[in-house]
Amino acid sequence: MPIRAQQPDVSVVTLTIDGQDLSARADETIIEVCRENKIPIPSLCWMDGLSVVGACRLCVVEVDGGPRLQAACATRVREGMSVQTNTDKLQRYRRTLVELLFAERNHVCAVCVSNGHCELQWLAQTCGVDHVRMPYRNTGYNVDSSHEMFRIDHNRCVLCTRCVRVCDEIEGAHTWDVMGRGSGCQVVTDLAKPWGESDSCTSCGKCVQVCPTGALVKQGTSVGEMVKDQQFLSILARRRSSR
Amino acid sequence: MNLDDLEDLAAKYRADAGDHDTEVRVCLAASCQSSGAQPVFDALSAGCDDGAAAAPCKVKGVGCMGLCSAGPLVAVAAPEAALEAGVIYRDVSAADAPDILASTAPGAAPVERLRCPSDMPFFARQHKIVLQNAGIVDPNSFRGYVMAGGYAAMVQALTEMTAQDVINEVTASGLRGRGGGGYPTGLKWSTVAKMPAGQKYVICNADEGDPGAFMDRAILESDPHRVLEGMAIAAYAIGANKGYIYVRAEYPLAVERLKTAIRKAKRSGFLGNHICETQFNFDVEIRLGAGAFVCGEETALMASIEGGRGQPRPRPPYPAEYGLWGSPTLINNVETYANIAPIVSQGGDWFAGIGTDKSKGTKVFALAGTIVNTGLIEVDMGTRLRDIIFAIGGGIPDGRAFKAVQTGGPSGGCVPEAHLDMPVDYDSLKTLGTMMGSGGMIVMDETANMVDVARFFMEFCMDESCGKCVPCRAGTQQMHGLLERIAKAEASRADLELLEELCDVVQATSLCGLGQTAPNPVLSTLRYFRHEYEEKLG
Amino acid sequence: MSSGNNKVTVATTWLDGCSGCHMSFLDMDERLVDLAAQIDIVYSPFVDAKTLPEQVDLGILEGSVSSDEDLHKAREFRARCKVLLSLGDCAVNGNVPAMRNPFKLDAVIERAYRENVDLNPQIPTEGVPRLLATVRPVHGVVDVDIFVPGCPPQADAIHYVLTELIAGRTPDPSQVTRFGA
Amino acid sequence: MQRIRPDLPSTDKRWKLVNATMRRNGYAGHALIEALHAVQDAFGFLDEDAMTFVADSLDLPLSKVYGVATFYHLFMLKPQGRHACVVCTGTACYIKGAGALIEGIEERFGAAPGETTEDKSLSVLTARCVGACGLAPAVVLDGNVIGKLGAEALCDRLEQEIAE
């Protein structure tokens, strides 16, 4: 889905979210309306200012009591729409999705530079994940410290592709992309060479700031020291789209 | 050009083809070719040219005759006659050529030792609409297609019908998408047609990826013009001037025949600009897949045509509204397009008279697995599974007992003996916990291990997951691990419970159809063969 | 959740961990005095008792399951404790001990006992338990009832969980602690 | 800003074929998969030079080209053996013993699916249904479908092909 609706639609619709009557612009998505109204919906891949991919599935909601769940980030509001964001079923699904992420790679929070500032860690807590029921996959991944300022630890990557999108859509460098498929997916720079050898990387650091976990971090940080600043994104995105 | 002109053209082609009472057809589709059909064809052609044939006869390479397990297949029949009306020979080798040619003499007896009875249920109980020309026309011959009545529907649509007329016929026919979902084709067409005029696209989904399904390959290899004609009619109906056929690179023969068909149709003015001297322009390009099952999903397919990673995106917006390069796009599969020309020629009501209440027309199925007659069949919707497997398919070989039939590929499920009397259509299969899918039917005998079958399909989905969304990428991987443990009898009851819960989560939350249906083989085997799982728990 | 003399019997032990969770337990400081009135620690590194009683109300395990001995202890605790609690990240998710899992066990042993040793490198064979190929959280080998993540869980969190359990309620540890806390 | 198309990486004539494919598609970015097919048809696999050349010619980011090249199973990033044996692992072939063929080949030639023998004589691959279910279990040897062979007979046939 494009970052903004094809044609800006400024007409106003009314809808209910969790029984709350709300009004919204017709070109908004459910997640945008929830964020404005402080209705907490977990999300990982969605980020205000980046295009929508609908990949993490954490923001799935029930719409009009229908059986098919919709990703709140990828669904525009409609007049009269009725949305449930936090039913028992949705809570159960989200918990399992977070568990799947923890089991997939090696997220050892205790020794992570993002400990205490990590969206995945926070999601585990808010979704009530106090342990992971499935076996851990235990596949080892590379840590690439070849860049002079930044580091990527693939063990902590959740493949949200925020780095790929911010690099392409905001910075315009498209240094990052995803290689492989399925469980073999990994984010890569250029032809999957060490990051430090990349010709296209401008070292702007946007990818580091938008990364929700301790996968993309600054060099020289110790446990719990990596605090990310994402303020720039909505400002840049807004100014860019108004050109 | 109008219909009369087209008839004149066909008559001219017939005159050019020369006088012959009999034709010897050699199946040159992929399966028979693998069994050595090319040397048979060469021997027959050489023999015919040398005058070994007793009467004026013509040797012709044709597409799939259906009974792939008996290939190479050869048929001797009057020109353009139906397959059952001729004499069919099975397991033919080049050395048999003289005998076959000798049998074409007036009054000569058929070669009994090679004969495959053309009244056997495999042939007699089929109803061919999509496969009408398969095994009869030469897929590399534009003229052959026209002589068989081809392109009449397109000419009729362009010269006698409005776009709305065409959509009305398709809607009236009740045709539903043959790629798996069963979405009403007429509704899809009218949605795209209603989008504001401008650039629109028509796409043919020939990325047939279900393991055990080869219907689309056979159609493309046997009658490629039929698909092009269907696409052109669709383009006329929705107002598109450009089409893409997305074909698996694993089907080189189909690709080659499609390329030939497009080239010849363009040269004869049946594709390109001012088709048949009308104002209608339509150009078709082939795009090759590169080995990714998920590209059968329509948004992934479009991403692939655009040159990217074949990853699906959330819908809506649907392709009808926001498709290829953001333009309104119609996507149908091969078999759907192959149904269009007869619907336009004979009317939607005629088509709606075939099949069941909610599933109209016929369906092509690929029969494979442990079954006597492996191959391709076309039957009315609503035919009972038992008739398909035991009458047409000839039952299970080696005296073994039937256990289950798998339909719908990795998105489908297994149907046990108890439900074999169910008439096959979209809805009945759904109630059995499986789906029509594109039409693959894999028959399994009593020796099949159903946990292993579920594990096999889960491995498929895990390998083919694009990796974009969490439930499909990580969930299929975990479900596969659990199935492995169950298969090795290392799992506990809690593992089985976790497996069932993951099935629910992956089904409910995955981004696209691949993930949403990946649990189906597990759920369906659990439904009918739960004891096989429980026996293995610790 | 008490039995007999109205005091809740508690057993604790550490598997593969750093004993930090037990230290955090001690960090409850003066609250330990009140707790002592309600619980009876029948087996633990804190006390002298050397055998695990046949019946215990609450078992607390710190550390991950990395060796034969850990596995044995975990199974014994499960068999004898009515309620089993995983204390800390190592017990709950494997944590640091599990970071060896992506490597083959032989390579890990080789690295630890030969490559990184200057003096008389050799692989010990006696007096040490055999390592398992894969380090697992406690619930990877036995059923666990309560999970208290954290590295280590704060004394406040441990206190909250114990108080709830003693009162016969089911605690919700995610209110007070999380992975890596 | 004018973009300059790169020179062909070498005088190898096969680059001209690759270039011709891209030119036919107007050097449009959406011709990426077609271009990679052309490289693979010409060279048998995609190396860094080829991917860089295609990326520069179509004005695409390197990481995008790499992402696409590694997404599709048909594209090979390493040179293949002189012969390629693709074992179909579709359902029908699976039911009829594709697993035994894979095991048999691995035992005789020491190459598992995705691997090439040390002497570079044979690459073993798997495919998700080649559509020859009537001939199950099917393998595709250097482009030709061979059906209904057991592991023993298949390995003999492979040895024969390699010897020729």
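Taken in sequence, the protein lines are chains E, B, G and R. Taking the working numbering, I'd label the letters of the first sequence as residues 57 to 299. Taking the working numbering, I'd label the letters of the second sequence as residues 8 to 545. Taking the working numbering, I'd label the letters of the third sequence as residues 376 to 556. Taking the working numbering, I'd label the letters of the fourth sequence as residues 385 to 548. For each residue, glycine too, the CB sits at the ideal point set by N, CA and C. Here the structure is a predicted model, which means the values were calculated and not measured.
Query, Result
"Proximity test, Cys223 (chain E) beta-carbon vs the ligand NAP heavy atom, cut-off 7 Å", "By its list of ligands, the structure shown contains no ligand whatsoever, and the ligand NAP lies outside what it can speak to."
"Residues of the region 470–490 of chain R whose Cβ lies closer than 7 Å to any Cβ of chain E, in chain order", "none"
"CB of Gly469 (chain G) within 8 Å of CB of Tyr197 (chain E), strictly", "no"
"Neighbour list for Gln181 (chain E) in chain G, Cβ cutoff strictly below 7 Å", "Ser549 and Arg553"
"For Leu506 (chain G), three-class secondary structure by DSSP", "strand"
"Helix, strand or coil at Glu342 (chain B) according to DSSP, with G and I counted as helix", "helix"
"Outcome for Arg60 (chain E) when other beta-carbon atoms lying within 10 angstroms are tallied against a minimum of 16", "Since pLDDT at Arg60 (chain E) reaches only 47, below the 50 mark, its modelled position is unreliable, and the value read off the structure follows with that caveat. Under this definition Arg60 (chain E) is an exposed residue."
"C-alpha distance - Glu502 (chain R) paired with Leu442 (chain R), whole-angstrom precision", "36 Å"
"Limits of the beta strand (DSSP E) - the one that Val371 (chain B) falls within", "Thr369 to Gly376"
"DSSP-derived helix/strand/coil call for Ala468 (chain R)", "strand"
"Straight-line gap, Arg453 (chain G) to Gln430 (chain G) (C-alpha atoms, nearest Å)", "10 Å"
"Gly451 (chain R): contacting residues in chain B (beta-carbon distance under 7 Å)", "Arg316"
"Pair within 8 Å by beta-carbon distance, Gly447 (chain B) and Gly416 (chain B)", "yes"
"Buried/exposed call for Ala412 (chain G), threshold 16 Cβ in 10 Å", "exposed"
"Entirely enclosed alpha helix (DSSP H) segments - the region 402–439 of chain G, minimum 4 residues", "406–413"
"For Asp434 (chain B), three-class secondary structure by DSSP", "helix"
"Residue span of the alpha helix (DSSP H) that contains Ile541 (chain G), given as start and end", "Ala530 to Ile541"
"Backbone secondary structure at Asp343 (chain E) - three-state DSSP", "In the structure displayed, chain E extends from 57 to 299; residue 343 (chain E) sits before or after that span and is not available."
"Within-8 Å CB hit, Asp65 (chain E) to chain B", "no"
"Contact under 8 Å by Cβ, Ser170 (chain E) with Cys129 (chain E)", "no"
"Cβ-Cβ separation, Glu236 (chain B) to Tyr158 (chain B) (assumed contact under 8 Å), whole Å", "6 Å"
"For Asp387 (chain B), the residue or residues it bridges with in DSSP", "B:Thr369"
"Contact with chain B by Arg408 (chain R), beta-carbon distance below 8 Å", "no"
"Closer than 8 Å to chain B by CB, Ile59 (chain E)", "In this predicted model, Ile59 (chain E) has a pLDDT of only 42, less than 50, meaning its place in the structure is not dependable; the value taken from the coordinates is given anyway. Not closer than 8 Å to any Cβ of chain B, the Cβ of Ile59 (chain E) fails to qualify, so no."
"Top-ranked residue by Cα proximity to Leu16 (chain B), from B:Gly279, B:Arg132, B:Leu260 and B:Gly151", "B:Gly151"
"Where Met448 (chain B) sits in the DSSP three-state scheme", "strand"
"Cβ separation of Lys274 (chain E) and Val264 (chain E), assumed to be a contact under 8 Å, to the nearest whole Å", "6 Å"
"Interface partners of Met232 (chain E) on chain R, CB under 8 Å", "Sequence inspection shows Trp at residue 232 (chain E); the Met mentioned does not correspond to that position. Those are Ser447, listed as they occur along chain R."
"Status (buried if at least 16 other CB within 10 Å, exposed otherwise) for Pro124 (chain B)", "exposed"
"The region 178–191 of chain B contacting the region 345–357 of chain B, beta-carbon criterion three pairs below 8 Å", "yes"
"DSSP three-state assignment for Asp440 (chain R), whether helix, strand or coil", "helix"
"Reduced DSSP category for Ser256 (chain E) - H, G, I as helix; E, B as strand; rest coil", "coil"
"Burial state of Ala261 (chain B) (16 or more Cβ within 10 Å)", "buried"
"CB contact check: Asp11 (chain B) to chain E, cutoff 8 Å", "no"
"Between the CA atoms of Cys101 (chain E) and Thr500 (chain R) - distance to the nearest angstrom", "38 Å"
"Chain-ordered chain G contacts of Gly270 (chain E) [CB-CB under 7 Å]", "Simply none; closest approach about 10 Å."
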